[in-house]
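Residue numbers (my numbering), protein chains in the order written: chain A, 206 to 506; chain B, 206 to 506; chain C, 206 to 506; chain D, 206 to 506; chain E, 206 to 506.
Heads up, the beta-carbon is just placed ideally off N, CA and C, and yes, glycines get one too.
Since the structure is predicted, the reported quantities are computational estimates derived from the model, not experimental observations.
Working notes, beginning with the structure itself.
The structure is reproduced here in structure tokens:
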């Protein structure tokens, strides 16, 4: 995620970092080049290209804007929902830390450590990173083997937490109400996992992306030819501005569609997982608390 | 559901699999052909077609874009809500698996097996597939007959689960709080069924689909005639691009409107039902766990 | 509600049943006729009508499209929320049927029968039908008199259910948790009633409907005059297509705004009330179970 | 709130009551007059006004439509949320009436009477009406003094209800679960108050209203000058239709933005507070039940 | 937040306070000046600038309007969600004040005082103000040190509240249900903090703001050049109106994006924190109750 103070209106015009520009530079340059060639041709050999009414292009352009707007809406909602889920996870963890004061101090340490392990496993899973061993240090030795083998390791960690709480309930250390309270926090954590997996595994219907992507590209390629005879040497400017907007929104939509990646505009999962680690460890009163992650080059991972 | 890595911007232009193109090819070709004929006529017998202002077509086209955008929004929301419900079902099942640790191990196996049966029955029901016998292997023998006869077999499975839990409560093996906790998971499952049935049984008001479908088709048929005299041989290109977008969004909307089918962009219910089966069986520690479903030709069922 | 398989793209163009066309036929014909007259005049006495720039009409037309889109959005949301509420009612009833297994079998029969009575009373109330006696057969004799006299008969039925459950609790047959569980299902039913009454009693602010209706009609009347001199004999076609879309969306919005009526696109309350009756009776194991309602002429009431 | 059967399409064109027209009549007449003057000038002294391309006005007009659409969306949402909150209040009251059967009949009468007092105080507060004494008759004598002095009198009423329930719990007449059930209904009532206060105290950011209001007015003033030379004597008609739509939506937005007022399109708080009074009194079996409020001149307060 | 009665339609046209105008005055003046220069040039040396079709600018302008509309929607939603969260906090505090009547009067005073401290710490944190010592007066002496040292001081305050309640439960002064009720209010407070932190720490993806900002500025700079030859001396008026709308919405979006600041349109956190203080102190029956904050120059902090 880009973290930077919003520069003033003028400086923003020349900001490169955090812009979508680098990603769409090749196709943008191609379209601008094409416009220049058309404009030159038109200058030296007038009337080679038919003089077309701009209204025809207006029509397609506006339809395209509406559909691009729809897709961006959808992709942004996915991104924001993912952020909400991680915000909720931070909340569930803090609540769990507070409410687990009910437990014996050893059990509490164990379940909170496991919760950190859950967070880190989930993070690795969502980012397609190697999950092997990532959370082993947070688990008791006897659980490490099963953890490594389990098809759904983060779910396994939750199972271990539940077992501990259940044992306390069966041993009479917790009333059924208190058992249920803690148990529902575990269900909350599972809820975040399920929601994040849903977002990660179910992209926007591919046919949408395809349809809009194609219309945007075909349209931008037609523009220079269609407008060249009317706009003359302003063609590259106008076409460039339009193509920049359309290509940019198309690319930005694709980036936000999968919010768990490591691209510039993706969510800072590492930083949020670290925040949970800090909260839980400081709630346990431990001494060895890591520092929050800081943005590097305005980018927070 | 199409599952494929997003190809790069260039390759996407020529992707066929997952495109809506095959479905709308006939009508698209017809419109393009019509445009070509009009353009030829216009070339050899100029002024046969009246020269019409494009603005008139702009107006209808934009109104149409707005209404198509509205319908796509609605259809996409149905599709995404259906996906959310199945994501929630996966979550409820995992929670149920964890929380049912409260039960005696035999009862737990029985209710979790029944939960798998519920999922598979629901899947078959939503996809209009033969439900006969599909979940019998997950039920105790004495329930199989009633299951096959029941007007609402998936609801019958939930009734059996509830009866088992209730018995445990009455036998004093569960406190009332714990009974209620498990009972509310059963209610969660019923909630997913009710929501999915709502989406499946209540299409977008037919008059909407009709109104928008008709406007889109009439408009695309009028376009070549109206624009032919102005655009000349570019007519087929411009008209083709517009018709592709309008027909495509119309067809895509219809496909997403009923998200439980087996078309390319529908939801992968089989794969999700399998995921639930894996989660529950591995939570029971059983050995005979099936593999996750894999996409075939980029399509996950 | 229209229930029909979506016909193929071609047949849909000529579908009459379920279309909004019959409702708007008079005004549509009037506008088309007007266009023909203008076109004829224009043909025999050219330049009677001033040649107006279409862009002026474009502008109003697009503003109108945006506001019509807004109103349709709002009306559709009301319709869908109403459907969701009835879907939730079906769910609450199924949950109540399952969870009421806690009760003595006689009490259970009584409260479930009353629940059917509640549904049918609510249905009649929402549809402005005669509620007299509609649910009496589902009530014990001693409650029938008060039911008939009560200002809010469906709420009275819920009160009777609550009283029965409360008695069980006071008699020690239910723990407080179980009492609360059943009591909250009664509150769920009341919730559906309140939400449906809200939708039914509070239309979209009348000034909105008025403003948009007027703009749509004035605009469609101006169109032939404004476009006649430019479009010639294509005027009736273009104007007809636009008026069809605008009148159609206006009429469709009005129909969906009140989703509890008995028009073609309204919700099938009778069928849903019947579904609840079937679910509850079969959950009681009764023998005399009615059949589900079937659509007549593609229409489900 | 306007309560009237939707008249047929033709009569609606001439409906005055419930229309936004009276509020915007002065500015609308001014703009139409201006258009007439411009048209006359143009007729007698052609070419005084420059012939401007309508497209420039189209552009501003459409941008304006989009932003007006946004603001109307936001204002309508506020209005509908306010209506939902009052619908929810009606529901909470009915639930409270039913669930308070747990209490001793004297306590029940006291808390339900106070609930009516709460509703009426909230109503007066939201409508900026004199709250003095409005609910005193519903309170026990010893609470009337504190009620009159309290900075937040409706909240004080809830406190009194809570105290009564708490006393019952402490006296062992209620189990903790039942105490919590009733207590959460009190929290529900407080929730409605908080939500309504939020809507009432936090208008749409003033800069939005300002920006859109200004653009709409400047635009409508520019229109006659800009279009006069092109449209001739149709200018007043076209400009009038556009100004009617823009002024109307601007004024309607402002009216819905504050839904608790007593303007024609505001919410019928008095009628809803009366409905609650009827429900609670009839649930207490009291004899002296008032009649529901009826609309006067199609307007329900 | 601007708090002022909505002035009448005429006066609003000249309102300065609360307008976004001051912020965008420099760039607006620049664009208008540019337009004047272009118009003068065009007057004295006609045909220096090419005569460009306005439709090309229409197209970009409308695409821009749609995307600006999208961004404003998103920013407004953030602002309104933040307001909802603080409204919810006010509600949770009132509920907590009422439900804490269960506690011993000393404990109650302690936890309510701490709740005020929590609010003020959260307020300072969200506004990036110095949190040092801000809430110390509301904490018992022995907690002040840890509070000052804690990485997350508002969360520490909640921990202290929870400990007190837990102690009461363990000492048998609270049943487990009542403990859970109070504990869930603490979780509610933590929920508000987590949601506010989410909004504060996660801006709208920077690339969006950048893309839309750039398009808006480039477009407004191109406008005078493109339209100068067509509009003549009306250029500054038309361009100024458009630039005012686009710059204004861009700037307003940026202001609402971070709703916790101290700009004119930001949320009045100080006033809401004061309201909570008043509610809690008056619920404790304390005498030393501060006055509500009043708007200064129509601005409430």
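Quick one: which chain E residues come within Cβ less than 7 Å of residue 381 of chain D?
380, 382, 383
Where does the unbroken alpha helix (DSSP H) through residue 389 of chain A begin, and where does it stop?
Secondary structure note for residue 389 of chain A: its alpha helix (DSSP H) is the uninterrupted segment 381-406.
I need the DSSP call for residue 236 of chain B, collapsed to helix, strand or coil.
helix
Do you know how far the Cα of residue 463 of chain D is from the Cα of residue 401 of chain D?
10 Å
Give a yes or no on whether the minimum CB-CB distance between residue 513 of chain C and chain B is below 9 Å.
What is shown of chain C runs 206 to 506, which leaves residue 513 of chain C out entirely.
Run through DSSP, which three-state label would residue 483 of chain E get?
Residue 483 of chain E falls in the helix class under three-state DSSP.
Would you mind stating whether residue 440 of chain B and residue 427 of chain B have Cβ atoms separated by less than 9 Å?
no
By the 10 Å Cβ neighbour count, where 16 or more other Cβ atoms means buried, how is residue 296 of chain D classified, buried or exposed?
So residue 296 of chain D ends up on the buried side.
Interface residues of chain D around residue 371 of chain C at Cβ under 8 Å?
306, 307
Hey, quick one: how far does the alpha helix (DSSP H) through residue 505 of chain E stretch, first residue to last?
Note, residue 505 of chain E: premise wrong, no alpha helix (DSSP H); not H, not E.
Can you list the beta strand (DSSP E) stretches of 3 or more residues lying completely in the segment 301-359 of chain D, in chain order?
Runs of beta strand (DSSP E) with 3 or more residues, each lying fully within the segment 301-359 of chain D, are absent.
In whole angstroms, what is the alpha-carbon distance linking residue 504 of chain B and residue 472 of chain B?
10 Å
If contacts are defined as beta-carbon pairs under 8 Å, then residue 288 of chain A and residue 484 of chain A qualify, I think. What distance do you get, rounded to the angstrom?
The beta-carbon distance between residue 288 of chain A and residue 484 of chain A, rounded to whole angstroms, is 18 Å. This is too long to meet the 8 Å contact definition.
Looking at the secondary structure, which residues open and close the alpha helix (DSSP H) in which residue 419 of chain C lies?
411-436
Report the option in E:430, E:446, E:375 whose CA atom is closest to the CA atom of residue 308 of chain A.
E:375
Could you check the C-alpha separation between residue 492 of chain C and residue 324 of chain C for me, to the nearest Å?
20 Å
Only counting the same chain, and skipping five residues up and downstream in sequence, which positions put a Cβ closer than 7 Å to that of residue 304 of chain D?
386, 387, 390
Could you confirm whether any beta carbon from chain E is found closer than 9 Å to the beta carbon of residue 360 of chain D?
yes
Going by other Cβ atoms of all chains shown within 10 Å of its Cβ, with 16 needed for buried, is residue 216 of chain B buried or exposed?
Classification for residue 216 of chain B: exposed.
Mind pulling the chain A residues with CB within less than 8 Å of residue 502 of chain B?
The contacting residues do not exist; residue 502 of chain B stays about 13 Å from chain A at best.
Assign residue 346 of chain A to one of two classes, buried (16 or more other C-beta atoms within 10 Å of its C-beta) or exposed (fewer than that).
Residue 346 of chain A is exposed by the Cβ-count criterion.
Using a Cβ-Cβ distance under 9 Å, would residue 260 of chain E count as near chain D?
yes
Does the beta-carbon of residue 381 of chain E have 16 or more other beta-carbons within 10 angstroms, so that it is buried, or is it exposed?
So residue 381 of chain E ends up on the buried side.
Please report the distance separating the alpha-carbon of residue 276 of chain C from that of residue 414 of chain C.
8 Å
So, helix, strand or coil for residue 366 of chain D, using DSSP?
helix
Quick one: list the residues of chain C neighbouring residue 279 of chain B, beta-carbon separation under 7 Å, in chain order.
Residues of chain C with a Cβ closer than 7 Å to the Cβ of residue 279 of chain B are, in chain order, 281.
Say whether chain C places a C-beta atom closer than 9 Å to the C-beta of residue 462 of chain D.
no
Would you call the CB atoms of residue 465 of chain E and residue 244 of chain E closer than 9 Å?
Cβ atoms of residue 465 of chain E and residue 244 of chain E: not closer than 9 Å.
Would you kindly report the start and end of the unbroken alpha helix (DSSP H) that includes residue 442 of chain D?
440-462
Residue 220 of chain B CB to nearest chain A CB: under 9 Å?
Yes - at least one Cβ of chain A is within 9 Å of the one on residue 220 of chain B.
Indicate the three-state DSSP secondary structure (helix, strand or coil) for residue 494 of chain B in the structure shown.
coil
State yes or no: is the C-beta of residue 330 of chain C within less than 9 Å of the C-beta of residue 292 of chain D?
no
Checking contacts by CB at 9 Å: is residue 449 of chain A closer than that to chain E?
yes
Of all the options B:467, B:487, B:501, which has the alpha carbon lying nearest to the alpha carbon of residue 333 of chain B?
B:467
Mapping the DSSP letters down to three states, classify residue 207 of chain C as helix, strand or coil.
strand
Among C:370, C:327, C:341, C:477, which residue has its Cα nearest to the Cα of residue 360 of chain C?
Selected option, being the one with the closest Cα: C:327.
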